[in-house]
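Residues in the sequence shown are numbered from 0 upward in steps of one, following numbering that gives the first Met the number 0.
Every residue gets a Cβ at the ideal spot worked out from N, C-alpha and C, and that includes glycine.
This one's a predicted model, so the numbers in the text were calculated from it and none came from an experiment.
Have a look at the structure below, then the notes.
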Amino acid sequence: MDSDDSKKLFLQTFAALITAAFGLIAALAWNQAIQALILLYIGTGNALMGLFIYAIIVTIIALIATYVIARSLARYGVEMPKK
Numbered sequence: 000m001d002s003d004d005s006k007k008l009f010l011q012t013f014a015a016l017i018t019a020a021f022g023l024i025a026a027l028a029w030n031q032a033i034q035a036l037i038l039l040y041i042g043t044g045n046a047l048m049g050l051f052i053y054a055i056i057v058t059i060i061a062l063i064a065t066y067v068i069a070r071s072l073a074r075y076g077v078e079m080p081k082k
């Protein structure tokens with residue numbers, strides 16, 4: 000394995016870890032705020048609907064973050080690791 004291959008592997012691994020960490024941190028950081036906002040507008044009587052709205056919001060944030068990271072890596076010719 001030459002130096003360029005090592006750098007690409009490092010960047011791919013680093014991007015995967017950063018993406019996963021960002022998803023977890025963002026979900027934890029916004030968890031209570033989003034739930035409180037949903038409860039404010041929906042109320043406590045419709046908890047299931049609130050959970051679905053919360054899941055959709057977190058999913059959209061994660062997709063946007065992944066897209067931005069993937070585009071940044073593409074500038075250097077590095078692809079996101081496939082699972």
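- Opening and closing residue of the alpha helix (DSSP H) in which Val77 lies: Element bounds for Val77: n/a, residue is neither H nor E.
- Query: What's the C-alpha gap between Ala73 and Ala26?
  - Reply: 26 Å
- Query: Can the beta-carbon of Thr12 be found closer than 9 Å to that of Thr65?
  - Reply: The Cβ atoms of Thr12 and Thr65 do not sit closer than 9 Å to each other.
- Item | Contact under 9 Å by Cβ, Phe21 with Ile68 | Taking a C-beta distance under 9 Å as the contact criterion, Phe21 and Ile68 qualify as a contact pair.
- On the premise that Val57 lies in contact with Lys7, defined as a C-beta separation below 8 Å, what is that separation, rounded to the nearest angstrom? Their Cβ separation, rounded to whole angstroms, is 30 Å, which puts Lys7 and Val57 out of contact at 8 Å.
- Query: If we ignore side chains and look at the alpha-carbon of each, how far apart do Leu36 and Ala14 end up?
  - Reply: Their Cα atoms are separated by approximately 31 Å.
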